Every structure is written in C-alpha cells, then in structure tokens.
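So the mapping is simple: our numbering equals the position in the sequence shown, first residue as 1, plus 862. Glycine is no exception: its CB is placed at the ideal position from the N, C-alpha and C atoms. Note that this is a predicted model, so its numbers are computed, not measured. Read through the structure below, which is laid out as structure tokens, and then see the notes.
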Amino acid sequence: MTESAKTNMQLKLMNGFTFYQKLIFKGGLLNDVPLQFKQRTLFIINRLPEIIQRTFKKYFPHEDEWMANYFIYIIITHWDTFIPNMLKKAPIIHVGIVVETDLEHALYLKNKLAYYYPFNLDAMLIPDITTERIDNKKLDIILTTFPLHELSTTTKIISINHALSKQNVNDLYSSFGIFFEKKLEEKLFSGEFGNISILDEAPRIPIK
C-alpha cells in the first residue's frame, strides 16, 4: 500500500470515528455526556479558589495573603484525591416542586430542571404541601408556580413560571450556586475529603 493510500485510509477512519462520536454524544444517545461533564466540573472547580480562600481566612485569620494563595495552590495541585473526591462528594441541593395543576406538569418541570442542572441537584415532587412535610424532607429550596405566603417554614421559596422561563433558569442558577457554595464550605474542613497538613508543607519565608 502506498503512503498516499495509507494517508487516505487514515483520514477515512478518522472521519468515521468522528462521525460515530458525534452520533453517540451530540446525537443525545448518551444524554450529551461531554456537555454535562463540562458543566458539572466547571460549576464546582470555578468556585474552588474563592471558597477555599474564604474558608482559610475563617479558620486561619492570622495568616497572610501569601499563605492563603499557597494554601489554594497546594490543595488543587498537590492533593491527588482532592478533585476526584470533590466531584464525587460535592453537596446535593434538595429541591421540592409544588404546582397547582397536575402530576404531569410537575414531572415536566422536574425534567426541565434535570436538563438545565444535570449535577448535584435532587428534585422531588410534593403533592401535598404542608410545613411538616417540607421540614421532614429537609429541603433547601421549594419551587412553586403559585404563592405560598401562608406557609410557615424557613425553607427558601422561589416562585417560577409554569414553563420555567429563561429568567427563571438564570435566577435559579444563582440561587443554586449560593446554596452549593455554603454547603461546600461546610464540608471543606469537615474531614469528608480526607486529611492533609497544608500549613506543615508550606515553606516559610524568613522574616528579616
């Protein structure tokens, strides 16, 4: 086989493989895995430096800015299991869905939530809305298509459009981000991600 024929065959194989990948992933047969992976990873990773620095200052208020930056550097680059554990053990946001229509409508909203937020979100339907039921489920957020002013609960209540509008999606992303950061900060030094002696590993700069 000539070099030209080999090159032509390689191109055909590569094109065929690329088409297969697009068929599997972009076509939705695997529910757009690359996009979901990117969304889930970036959602968590992009917030790490800020969360780590804020938590560092809370537990080590007398350390300087250099040490805080070094702390972030060591955790992200030197701790082999940190990122995998962070992705695996990242906190779940528990959301309750309440509608005044029917079960199918509630399922429709649940599916849309799963589409827009395919990571670390547990959405459940609440057919009979009561304070006791909500408190027992320990929900973080309640999404409702009608006012719930009479409901006495500390759980955050967010009103949404019946079809989950674009503005709803943007607002919810911000709300979910706040809850996620709060939970992640609580877990960061709880021991759930393993142990590492950050300050012992950090080199000290001699004070002249």
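Problem - Tyr979 versus Asn1032, Leu987, Lys919 and Pro1009, residue with shortest Cα-Cα distance - result: As a first step, residue 979 must be located in the sequence shown, where it is residue number 117. Among Asn1032, Leu987, Lys919 and Pro1009, the Cα nearest to that of Tyr979 belongs to Asn1032.
Practice task
In angstroms with no decimal places, state the Cα-to-Cα distance between Ile955 and His967.
Solution key: Reading the sequence shown from its first residue, position 93 is the one you call residue 955. Reading the sequence shown from its first residue, position 105 is the one you call residue 967. Rounded to the nearest angstrom, the two C-alpha atoms are 21 Å apart.
Exercise for the section: Please state whether DSSP places Asp964 in a helix, a strand or coil. Expected result: Locating residue 964 in the sequence shown gives position 102, counting from the first residue. Asp964 falls in the coil class under three-state DSSP.
Problem - Pairwise C-alpha distance: Met929 and Gly1039 - result: On the sequence shown, residue 1039 is found 177 positions in, with the first residue counted as 1. On the sequence shown, residue 929 is found 67 positions in, with the first residue counted as 1. Near 27 Å, if we compare the C-alpha coordinates of Met929 and Gly1039.
Problem - Exposure of Leu969, with buried meaning 16 or more beta-carbon neighbours within 10 Å - result: For the purposes of this step, residue 969 is taken as residue 107 along the sequence shown, with counting starting at 1. Leu969 sits exposed, since fewer than 16 C-beta atoms from the chains shown fall within 10 Å of its C-beta.
Exercise for the section: Check Thr939 in the structure and name its three-state DSSP category. Expected result: Taking the sequence shown and counting its residues from 1, the one referred to as residue 939 is at position 77. In the three-state DSSP reduction, Thr939 falls in the helix class (H, G or I).
Problem - Residues near Asp1002 by beta carbon distance below 6 Å, same chain, minus five either side - result: Your numbering for residue 1002 matches position 140 in the sequence shown. Excluding its 5 nearest sequence neighbours in each direction, Asp1002 has C-beta neighbours in its own chain below 6 Å: Ile955, His956 and Phe1041, listed in chain order.
Practice task
Taking the CB atoms as reference points, tell me whether Pro1009 and Asn982 lie closer together than 8 Å.
Solution key: Taking the first residue of the sequence shown as 1, we reach residue 1009 at position 147. Taking the first residue of the sequence shown as 1, we reach residue 982 at position 120. Taking 8 Å as the Cβ cut-off, Pro1009 and Asn982 do not qualify as a contacting pair.
Practice task
Spell out the partners DSSP gives Ser1021 in its beta bridges.
Solution key: Position 159 of the sequence shown, counting from 1, holds the residue named residue 1021. In the DSSP output, where bridge partners are listed per residue, Ser1021 has Thr1006.
Exercise for the section: Output the boundary residues of the beta strand (DSSP E) element that contains Leu983. Expected result: As a first step, residue 983 must be located in the sequence shown, where it is residue number 121. From DSSP, the beta strand (DSSP E) with Leu983 extends over Leu983 to Leu987.
Problem - Distance, Gln915 Cα to Glu1048 Cα - result: Numbered from 1 along the sequence shown, position 186 holds the residue referred to as residue 1048. Numbered from 1 along the sequence shown, position 53 holds the residue referred to as residue 915. Answer to the nearest angstrom: the Cα atoms are 13 Å apart.
Practice task
Please confirm whether Lys974 and Leu1026 have their CB atoms less than 8 Å apart.
Solution key: If you number the sequence shown from 1, residue 974 lands on position 112. If you number the sequence shown from 1, residue 1026 lands on position 164. Between Lys974 and Leu1026, the gap from beta carbon to beta carbon is short of 8 Å.
Practice task
May I have the straight-line CA-CA distance separating Thr1007 from Leu1046, to the nearest angstrom?
Solution key: Within the sequence shown, the letter at position 145 stands for residue 1007. Within the sequence shown, the letter at position 184 stands for residue 1046. If I take the Cα positions, the gap works out to 29 Å.
Problem - Residue from Tyr932, Ile1020 and Ala976 with nearest C-alpha to Ile1004 - result: As a working mapping, residue 1004 is identified with position 142 in the sequence shown. Comparing Cα positions, the closest option is Ile1020.
Handout entry: Three-way DSSP call (helix, strand, coil) for Ile954 in this model
Key = Indexing the sequence shown from 1 puts residue 954 at position 92. The answer is coil: DSSP assigns Ile954 none of H, G, I, E or B.
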